[in-house]
Amino acid sequence: MADFKLGFFPICGSVIATVTGSAALIGGSGKGFEMGVSYFITSISMMLFTVVAMLALGPVIRKLRLYTIPELFARRFGKLAALIPALIIGFLYMTPTFGMQLVGMSSILSSITDLPAFWGIIIALP
Numbered sequence: 051m052a053d054f055k056l057g058f059f060p061i062c063g064s065v066i067a068t069v070t071g072s073a074a075l076i077g078g079s080g081k082g083f084e085m086g087v088s089y090f091i092t093s094i095s096m097m098l099f100t101v102v103a104m105l106a107l108g109p110v111i112r113k114l115r116l117y118t119i120p121e122l123f124a125r126r127f128g129k130l131a132a133l134i135p136a137l138i139i140g141f142l143y144m145t146p147t148f149g150m151q152l153v154g155m156s157s158i159l160s161s162i163t164d165l166p167a168f169w170g171i172i173i174a175l176p
């Protein structure tokens, strides 16, 4: 987090790098091929929304010195309430995202080599 000293462009780059993974790249390429320019327009709108949200929420997050959403809940409603967003983020977002990254990397490896999908996932694990 660089002690809240990063500027606009490093933060934008960090957000984009966080969102971009093998599953997003493969899915985005496939959707772009399937939908054409219209998918590009939806991608641009998502990126613009991210930048606008960062511009709107960034100063507040810096002022409150927040690192995570559960930390916001803990400050506002108590430590027990922080468990709810932590579980939601952990199980409903991070677990499927991790699985998609493994399948995405396996797809890349199996399309480049003759490696079966199972071994692609095993190689992608570390």
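Numbering (the numbering used here), first residue to last: 51 to 176. Just so it is clear, CB atoms sit at the ideal spot from N, CA and C, and this is done for glycine as well.
What does a CB cutoff of less than 6 Å around residue i pick up in its chain, not counting 5 residues either side in sequence?
i, result
"S79", "none"
"L122", "L116"
"L165", "L159"
Does the Cβ of residue i have 16 or more other Cβ atoms within 10 Å, making it buried, or fewer, making it exposed?
i, result
"L152", "buried"
"S93", "exposed"
"G128", "exposed"
"G170", "buried"
Nearest to residue i by CA position, among the options, is which residue?
i, options, result
"K55", "A124, P135, R115, L165", "R115"
"F59", "P146, G86, G108, A167", "G108"
"P146", "I172, A74, A124, F168", "A74"
Skipping 5 residues on each side, what residues in its chain have a beta carbon closer than 7 Å to that of residue i?
i, result
"P120", "A132, P135, A136"
"V101", "C62"
"F90", "G82"
For my contact list, residue i and residue j are in at a C-beta cut-off of 8 Å; report their separation, rounded to the angstrom.
i, j, result
"I76", "S157", "6 Å"
"A174", "M155", "4 Å"
"V65", "M96", "That belief does not hold up - the Cβ atoms of V65 and M96 are roughly 11 Å apart, past 8 Å."
Ordered along the chain, which non-local residues of its own chain (more than five positions away) have a Cβ less than 8 Å from that of residue i?
i, result
"I99", "With the sequence shown as reference, residue 99 is identified as Phe, and Ile is not the correct amino acid for it. For F99, where only same-chain residues beyond five positions count, there are no Cβ hits under 8 Å."
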